[in-house]
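Step one of this worksheet: look at the structure below.
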Amino acid sequence: MQLSDKYNPQDTEQKWYKYWLENKFFHSKPDHRPPYTIVIPPPNVTGILHMGHMLNNTIQDVLVRRARMQGFNACWVPGTDHASIATEAKVVAKLKSEGINKSDISREEFLKHAWDWTHKYGGTILEQLKKLGCSCDWDRTRFTMEPKLSEQVIKSFVDLYNKGLIYRGYRMVNWDPEAKTNISDEEVIFKEQNGKLFYLKYQIEGSEEFLTVATTRPETIFGDVAVCINPNDERYAHLKGKKVIVPIVNRVIPIIEDEYIDIEFGTGVLKITPAHDIADYEIGQKHHLQIIDSLDDDGNLNEHGMHYAGKNRFVVRKEIAKELEEKGLLLKAEDYVNRVGTSERTGAVIEPKISQQWFLKMSEIAKPALDVVMNDEVKFHPEKFKNTYKYWMENIRDWNISRQLWWGQQIPAYYYGTGENDFVVAENIEKALELAREKTSNFELQISNLKQDEDALDTWFSSWLWPMSVFDGLLAPENKDINYYYPTADLVTGPDIIFFWVARMIMAGLEWKDKVPFKNVYFTGIVRDKQRRKMSKSLGNSPDPIELIDKYGADGVRVGILLSSAAGNDLLFDEDLMLQGRNFATKIWNAYRLTQGWNKEQKPMGEAEKQTIEWFGNQLDKTIAEINEQFEKFRISDALHLIYKLIWDDFCAWYLEAVKPNYGEAISQEVYDKTLYFFGELMKLLHPFMPFLTEELWQNMAERTREEALVIAQQKTAAAFDSKVIEAFAFAQELISGVRNYRQSKGISPREVVEIYTNATAFENEAVVRKLANVSEIHFGTKTDKPSVTFLVGATEISIPLSENLDLGEEKKKTEEELAYLKGFLVSVEKKLSNEKFVANAKPEIVENERKKQKDAQEKIALLEEKLRGLGN
């Protein structure tokens, strides 16, 4: 296969991805090998790829491809989430654009539109992941609303209800007026907003006296049922037991007392509106107060709002403030910065609302899920997130699992009457009928007498089963797949859903399988721009990942995004990193093309080649051990840096230079074969990070080696290495660099040979030094009388006689300047070391580093002084 002069990702990516799919290399079935399983954090079915997905899925693919090449039966299960709120909002908006209101059609009609939308737009993101190179087992693709997964969700609900863990009750919930559903506490995002603090005047009944109450929401006065003072507040002691008149509403309400009231805030008086504030609700419950809900589901005033009925809450806020002022019932209004709860899903300002909902008791199932993380049965990477997790789990509230939506699994509760407990919970309506007949002893009941609960379950109530449900683990608890693939190995996700998803999956796994769902959780950071802002469509600071892939190639983008993404730390996106990734691909491509341009010949291996091959073999094994160590710590970025250095520096800059034949000569066939072997092992190491480029080059090599596809090739295992061989070669590298620096500083051509003098008696890699430093003669154990440049490699002196046509006066001047600088530097170091406080208080390694600086400076000064003497000082 003839390689082009330049690597073109577009020529290779589609070709090799199609090849991998056609050969089922990503597909997994249970067998004798140990499994390595990852389940994808399911993206929203109607979503598209963004930079967070790019980072998360690249890391997953690296882990899966590496496991596959290490002999594991790797299985990466892809899929999508039905995303109740987001998807329903899009379908409602689409229908509205067509002149159709959701309220005007049946649930069945709406769901047909929702499925049509899902079939049309769903799965786009999975196709985009293929462009990134993700090696998912696409035959196992799942969707949280598909029949078998929905069946497992319903089964889990019934099971938990029968265990007494699910209940139905009235609670204060977070109402999203835009999505028209309640959302969980964790889905409420608090934002600071500029507003007003209004001081309203409530007249004391039967008196001309007024009580001033501060509020940020005057529109809620229609729901006022009391005002509350602190019993210890002497200012209002004379008002105990009295009543006030609500402004505009003219309703008479009691003055109550509760120590909850902060004497220092506002006027020290709180108006109590149980229907519209969680704290007010709890005070109302405690004092047995009436509940008056003055807002409808759209956030508009209802019939309790009198002449404001039908108007939006924020419009009313402005208008009622004006009316209060006109009637002399507004004392003042001050600027005020308030923390306002908003919906994570729609951005709408949340309204606290009393509603009958379904809840899951959490305290009982949270404790075991906390223990397995704290004792590292499930390990967090980085470990710092254990504290976040602990906080959440120790302050957990019951989970509100019902949503006022149609898109989602419908709650399997069936009502047969109007009483509070006139319902049964069952997996289907036929079973519900049986239970209802048993419960009521009314065997005349028919299916037509049953009405299923209108609400759907929270999306997270399906995704918390994901590691089990993708293997049908709740439908057939002992099936071959669940027994083989569960528990999964690693989970890669963002810390923002540590409670939404990670904690809940752990709870579910322990509840139904008595096993944790995964062994490790790798938390990625958030992708931010150079100004440290989170990337988002609204800010317009997020590049299109597909455009990046088209511009830099999938491999270049993968390398670029991983080079700066340490676990749990935010990634500052820089497009230059993508360019670095593409340049790395070009470097490798050119290195391989270089080897293919060599003429081969059956001849003995040269000494320089033999020394280089021995060194690189050891360096390879050493680096593999270091890479494995980084992967064990989930330091994926650090592992990539090690591979990058091994290929760019060790292999391309040193190995290839040392073994390549001189111009016009042929390379030994033995050296060529060894070089090709090393190149192949490097491609195996790099493949998880750059799958397309490496497969292309591997297949080119495979025409001669006849080995299998790289995607399923076995990576080299870590082997023992000789550190002395590596150290000896490092000495040679430093010496060669010193000679090269000499040439560069003096403007001498690399082709001009030099001779060197040294106090050493021998070099272990003398042949490599002679070849790469272009040294004609090495004088061991002697000094030169000629003017020379001397430098140290460790404790070994290396002297190079100065070229005869060199300007000795200029050289002397440069040497004196360097000597003066070093003496000044030595004075500053010795001043620090003579400071007893510094030596006593600084860390030992810092003091030792200063002493090393002192010793190095002294040795260099001695060499420069000797050089000056040689120059005729």
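So in our numbering, the last spot in the sequence shown is 884, and the numbers never skip.
Here a beta-carbon is modelled for each residue, glycine too, at the ideal position from N, C-alpha and C.
Tell me the rounded alpha-carbon separation between residue i and residue j.
| i | j | result |
| --- | --- | --- |
| residue 421 | residue 116 | 17 Å |
| residue 198 | residue 364 | 15 Å |
| residue 593 | residue 672 | 28 Å |
| residue 21 | residue 646 | 30 Å |
| residue 553 | residue 394 | 29 Å |
| residue 9 | residue 218 | With the chain running from 12 to 884 in the structure shown, residue 9 is simply not present. |
| residue 472 | residue 521 | 15 Å |
| residue 539 | residue 580 | 11 Å |
| residue 161 | residue 155 | 7 Å |
| residue 343 | residue 279 | 16 Å |
| residue 569 | residue 701 | 7 Å |
| residue 140 | residue 648 | 20 Å |
| residue 150 | residue 142 | 17 Å |
| residue 729 | residue 633 | 8 Å |
| residue 76 | residue 146 | 7 Å |
| residue 17 | residue 854 | 51 Å |
Assuming the contact rule is C-beta atoms closer than 8 Å, residue i and residue j should be a hit. Round their C-beta distance to whole Å, please.
| i | j | result |
| --- | --- | --- |
| residue 546 | residue 584 | 7 Å |
| residue 770 | residue 745 | Contact doesn't hold; Cβ gap of about 16 Å is too wide. |
| residue 258 | residue 136 | The pair is not a contact, with the Cβ atoms about 53 Å apart (cut-off 8 Å). |
| residue 84 | residue 44 | 4 Å |
| residue 500 | residue 524 | 15 Å between Cβ atoms; not a contact. |
| residue 871 | residue 833 | 6 Å |
| residue 384 | residue 90 | With 8 Å as the limit, residue 384 and residue 90 do not qualify as a contact, their Cβ atoms being about 25 Å apart. |
| residue 305 | residue 419 | Going by Cβ atoms, the distance from residue 305 to residue 419 rounds to 29 Å, so no, they are not a contact pair. |
| residue 452 | residue 512 | Wrong, their Cβ atoms sit about 43 Å apart, outside the cutoff. |
| residue 468 | residue 596 | Actually they are not in contact, since the Cβ atoms of residue 468 and residue 596 sit about 46 Å apart, beyond 8 Å. |
| residue 416 | residue 96 | 7 Å |
| residue 727 | residue 685 | So it is not a contact: roughly 14 Å between Cβ atoms. |
| residue 263 | residue 232 | No, residue 263 and residue 232 are not in contact; Cβ-Cβ is about 13 Å, not under 8 Å. |
Does the separation of the CB atoms of residue i and residue j fall below 8 Å?
| i | j | result |
| --- | --- | --- |
| residue 171 | residue 371 | yes |
| residue 779 | residue 619 | yes |
| residue 148 | residue 61 | no |
| residue 532 | residue 391 | yes |
| residue 604 | residue 14 | yes |
| residue 414 | residue 193 | yes |
| residue 801 | residue 687 | no |
| residue 653 | residue 637 | yes |
| residue 94 | residue 504 | no |
| residue 209 | residue 229 | yes |
| residue 214 | residue 256 | yes |
| residue 102 | residue 125 | yes |
| residue 404 | residue 380 | yes |
| residue 861 | residue 840 | yes |
| residue 723 | residue 767 | no |
| residue 478 | residue 495 | no |
| residue 184 | residue 411 | yes |
| residue 190 | residue 57 | no |
Would you give the residue range spanned by the alpha helix (DSSP H) that residue i belongs to?
| i | result |
| --- | --- |
| residue 18 | No alpha helix (DSSP H) holds residue 18; DSSP gives it neither H nor E. |
| residue 135 | 135–143 |
| residue 697 | 680–697 |
| residue 66 | 62–80 |
| residue 124 | 118–132 |
| residue 494 | 491–496 |
| residue 701 | It is not in any alpha helix (DSSP H) - residue 701 carries neither H nor E in the DSSP assignment. |
Below 7 Å, is the gap between the Cβ of residue i and the nearest heavy atom of the ligand PLP?
| i | result |
| --- | --- |
| residue 252 | Because no ligand of any kind appears in the structure shown, any question about the ligand PLP cannot be addressed here. |
On the DSSP letters alone, give me the boundaries of the beta strand (DSSP E) that residue i sits inside.
| i | result |
| --- | --- |
| residue 347 | 341–354 |
| residue 200 | 199–215 |
| residue 435 | 434–436 |
| residue 765 | 765–769 |
| residue 786 | 786–791 |
| residue 380 | No beta strand (DSSP E) holds residue 380; the alpha helix (DSSP H) holding it covers 374–385. |
| residue 180 | 177–187 |
Notebook entry, point to check: Counting pairs of Cβ atoms below 8 Å between the stretch 265–283 and the stretch 237–251, do you hit three or more?
Noted result: Per the Cβ contact rule, the stretch 265–283 is in contact with the stretch 237–251 (3 or more Cβ pairs under 8 Å).
Check: Between the stretch 104–111 and the stretch 72–81, are three or more C-beta pairs nearer than 8 Å?
Finding: Not touching, per the Cβ criterion.
Item checked: Touch test, the stretch 437–445 against the stretch 480–498, Cβ-Cβ under 8 Å, three pairs minimum -> Three or more beta-carbon pairs separated by less than 8 Å are not found between the stretch 437–445 and the stretch 480–498, which leaves the two stretches without contact.
Check: Taking three-plus beta-carbon pairs below 8 Å as touching, is the stretch 618–634 in contact with the stretch 728–736?
Finding: Judged by Cβ distances under 8 Å, the stretch 618–634 makes contact with the stretch 728–736, as three or more pairs qualify.
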